[in-house]
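In this text, residue positions in the first sequence follow this note's numbering: the first is 424, and each later residue adds one. To keep things clear, I will list the structure first and then write my remarks on it.
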Amino acid sequence: MAKDFSTRAENYSQWYNDVVKKADLAENSAVRGCMVIKPYGYAIWEKMHDALDKMFKETGHTNAYFPLFIPKSFFSREAHHVEGFAKECAVITHYRLKNDPNGGGVVVDPEAKLEEELIVRPTSETIIWDTYKNWIQSYRDLPILCNQWANVVRWEMRTRLFLRTAEFLWQEGHTAHATREEAIEETRKMLNVYADFAEKHMAMSVVRGVKSPNERFAGADDTYCIEALMQDGKALQAGTSHFLGQNFAKAFDVKFLNKENQLEYVWATSWGVSTRLIGALIMTHSDDNGLVLPPALAPIQVVIIPIYKSEEQLNQITEKVQPLIQKLKDKGISVKYDDDDSKRSGWKFNEYEVKGVPVRIAIGPRDLENNHAEVCRRDTLEKTNISLDTLDVEVEKLLAEIQQSLFDRTVKFREDNTRKADTWDEFVDILDNQAGFVYAHWDGTPETEELIKEKAKATIRCIPFNNPLEEGKCILTGKPSKQRVLFARAY
RNA sequence: CGGGGUGUGGCGCAGUUGGUAGCGCGCUACGUUCGGGACGUAGAGGCCGCAAGUUCGAGUCUUGUCACCCCGACCA
């Protein structure tokens, strides 16, 4: 076992960085705050992309692409939106370089100054609504259900691989509707798509809810979110879906003629998830031996490692394994047969363990004699011998079981780490000594929320849907409250 | 932008009171190995972040500068 690995208990954030590096997911780049997503990490993103994209198509959405650059003036149209993003925008001011007259390589050509600066998109609402304006005249043009897969830039001061980088990959859905109700329904629908994806594909339990006004997306009337709990007890926002009301329609003057021949502003939504989900995936399942991947998102679901001394032995094993590989592939399972002779089997065991491959099958001469193989599952590290005759069926079952078991574990973890606090001392005590989610009363004012954030470093993660009403007193101010809201320290 | 730290082969590091650079991993070749990160032998690989200065002589001392990392303020 690799001893150069931090454990979660020793240093959680170091452990996270180690997993990212050892599993070969990503690395820091020459550009500050930007990461290189390596092939294995990108393969996970592709699995996420494919699954989500399918879900978007099934709910009637189509993909499109809008420009990376946004004219600066577009940004100032919607007051809250600018305020929210202004501090982290990359700005393009020039369009040409020239040779340094003083001989020091190239310099920005001062002659090539843009008349209007361009912003590298931190999100695309403005450019998209400026475009939708031309697409929409009548109720017959609605709804518009578009999604785009893109990169965005937010100039963050402190970055962490996958969790927060200056540039990241994401998808952003932008929809336009004739009625408020329809837009709200869309917002909810897409949040549920995210929650389904998190639970079924990522095997990650999430809480669905509404953000408090302070935590709302800049320019939204309401922000719905899914919140997950990481192993260190900190919460992570895993996806958001925004009801934008008519804010952007008004800012960009997007009106449609309704059936009664009256002009109305269009209703909007937007929703997104990013490569941050990979960070969530890592922190949800992985252990001190490295990455643990749910089968649904594992680039390699099953690895088969031959154990042999001679070439004849390898040939015998290969011959026996070929039909098995075919059977697994026929079931849609991604299999890797690693017969690379330059690496020893023990080395491979560790390699695939660190990389989180859900199922490992080892086959050696002894197994051939007994007509079985050693099957090891990554989540529990349990090993069993399974007959070669039923191996394909058993592996398929095992993958499903691992997927389910990982999810069940996160449900239990979330439940075990969700507590109630009735007093300020209790609240702080839980956060300091146990972490996790805390349900507590809040007087409903942004000022109090801000104060709590300042004093306890915890924020309202969300007000869960179907939250039970309950009379109580705000943990900070003692003012009356009608419901508990979900607090946590967060990423 | 504050506070702390680090820059030396690809990676991780050592380098004493200044004397011309070393260790581990990895890499290459050959051989022995192969059921949980093998071992031996022989190799390759470095303007010591950059720039000035002190000195007969600087990885080491001085000054400046750049970059990166960690901890805060801001955030998906």
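Beta carbons: idealized from backbone N, C-alpha and C, even for Gly.
Residues near residue i by beta carbon distance below 7 Å, same chain, minus five either side
i, result
"LEU564", "It is Asp, not Leu, that sits at residue 564 in the sequence shown. Excluding positions up to five away in sequence, the list reads TRP558 and PHE679."
"LYS682", "TYR562"
"GLN739", "LEU791"
"GLU687", "LYS678, PHE679 and ASN681"
"LEU854", "VAL861, ALA879, ALA881 and ARG912"
"ILE493", "LEU541, ILE542, ARG544, THR549 and ILE550"
"PHE489", "SER547, ILE550, ILE551, THR554 and GLN571"
"VAL834", "SER628"
"GLY483", "LEU568"
"CYS523", "The identity of residue 523 in the sequence shown is Asp, whereas the question assumes Cys. Here the set comprises VAL529 and VAL530."
"LEU899", "TRP847, THR871, LEU874 and ILE875"
Same chain, Cβ closer than 6 Å to residue i, five either side skipped, listed in chain order
i, result
"LYS905", "LEU892"
"THR646", "LYS634, ARG639, PHE640, THR663 and HIS665"
"HIS708", "VAL715 and LEU829"
"GLY668", "ASP644"
"LYS426", "Residue placement at LYS426 is flagged as unreliable, the pLDDT there being 46, under the threshold of 50; the coordinate-derived value follows with that caveat. Here the set comprises nothing."
"CYS799", "ARG783 and LYS806"
Residues of its chain near residue i, where Cβ-Cβ distance is below 8 Å and the 5 sequence neighbours each way are ignored
i, result
"VAL758", "ILE723, GLN724, VAL725, VAL726, ILE727, ILE748, LEU751 and LYS752"
"ASP532", "HIS517, ARG519, LEU520 and LYS521"
"ARG789", "none"
"VAL514", "LYS495, GLU540, LEU541, ILE542 and VAL543"
"LYS766", "GLU774"
"ARG431", "TRP438, GLN654, ASP655, ASP710 and ASP711"
"ILE756", "GLN724, VAL725, VAL818, GLU819 and LEU822"
Any non-hydrogen atom of the ligand GTP within 6 Å of residue i CB
i, result
"GLY695", "Of the ligands one can find in the structure shown there are none, so the ligand GTP has no counterpart to examine."
Helix, strand or coil at residue i according to DSSP, with G and I counted as helix
i, result
"TRP865", "coil"
"THR588", "coil"
"ALA425", "In this prediction, ALA425 has a pLDDT of 39, which is less than 50 and means its spatial position is unreliable; nothing more can be read from the coordinates."
"HIS698", "A small correction: the amino acid at residue 698 is Thr; His does not occupy that position in the sequence shown. Looking at THR698 - three-state DSSP - the assignment turns out to be coil, as it is neither helix nor strand."
"THR646", "strand"
"TYR688", "strand"
"LYS521", "strand"
"TYR760", "strand"
"VAL744", "helix"
"VAL505", "helix"
"ASN773", "helix"
"ASN712", "coil"
"ALA966", "As shown, the chain starts at 424 and ends at 914. That puts residue 966 outside it, with no answer to give."
"PRO490", "coil"
"ALA751", "In the sequence as presented, Ala is not what sits at residue 751; that position holds Leu. Helix at LEU751."
"GLN739", "helix"
"ALA599", "strand"
"THR900", "coil"
"SER496", "helix"
"THR485", "strand"
"ALA651", "strand"
"ILE727", "strand"
"GLU693", "What sits at residue 693 in the sequence shown is Ser, not Glu. SER693: strand per DSSP, three-state reduction."
Boundaries of the beta strand (DSSP E) in which residue i is found, first to last residue
i, result
"VAL382", "The chain is shown from 424 up to 914; residue 382 falls before or after that span and cannot be answered."
"GLN437", "Premise fails: GLN437 lies in the alpha helix (DSSP H), 435 to 445, not in any beta strand (DSSP E)."
"HIS665", "658 to 668"
"PHE679", "678 to 680"
"GLU501", "Neither: GLU501 is in no beta strand (DSSP E) and is coded neither H nor E."
"LYS896", "892 to 896"
"CYS512", "No beta strand (DSSP E) contains CYS512, which DSSP labels as neither H nor E."
"ARG631", "629 to 633"
"THR882", "882 to 887"
Limits of the alpha helix (DSSP H) - the one that residue i falls within
i, result
"ASN614", "Note that residue 614 is Leu in the sequence shown here, rather than Asn. That run of the alpha helix (DSSP H) goes 603 to 619."
"PHE910", "PHE910 -> not in any alpha helix (DSSP H); beta strand (DSSP E) instead, spanning 903 to 911."
"LEU720", "Unbroken run through LEU720: none, as it is neither H nor E."
"PHE479", "462 to 481"
Checklist entry - For the segment 779 to 867, which segments carrying the alpha helix (DSSP H) assignment without a break, of at least 4 residues, lie completely within its bounds, in sequence order? => result 788 to 793, 814 to 839 and 847 to 856
Checklist entry - Counting Cβ pairs, one atom from each stretch, are 3 or more of them under 8 Å apart for the segment 776 to 786 and the segment 709 to 721? => result yes
Next on the checklist: If we require 4 or more residues per run, which alpha helix (DSSP H) segments fall completely within the segment 518 to 576?
Outcome noted: 548 to 558
Checklist entry - Should the segment 809 to 824 be called in touch with the segment 881 to 899, which here means at least 3 C-beta pairs below 8 Å? => result no
Checklist entry - With contact counted as at least three CB pairs below 8 Å, one residue from each stretch, are the segment 834 to 843 and the segment 857 to 871 in contact? => result yes
Item to check | Sufficient close CB pairs (3 or more, under 8 Å) joining the segment 583 to 596 to the segment 697 to 711 | outcome: yes
Checklist entry - Would you call the segment 592 to 600 and the segment 686 to 694 in contact, with 3 or more CB pairs under 8 Å? => result yes
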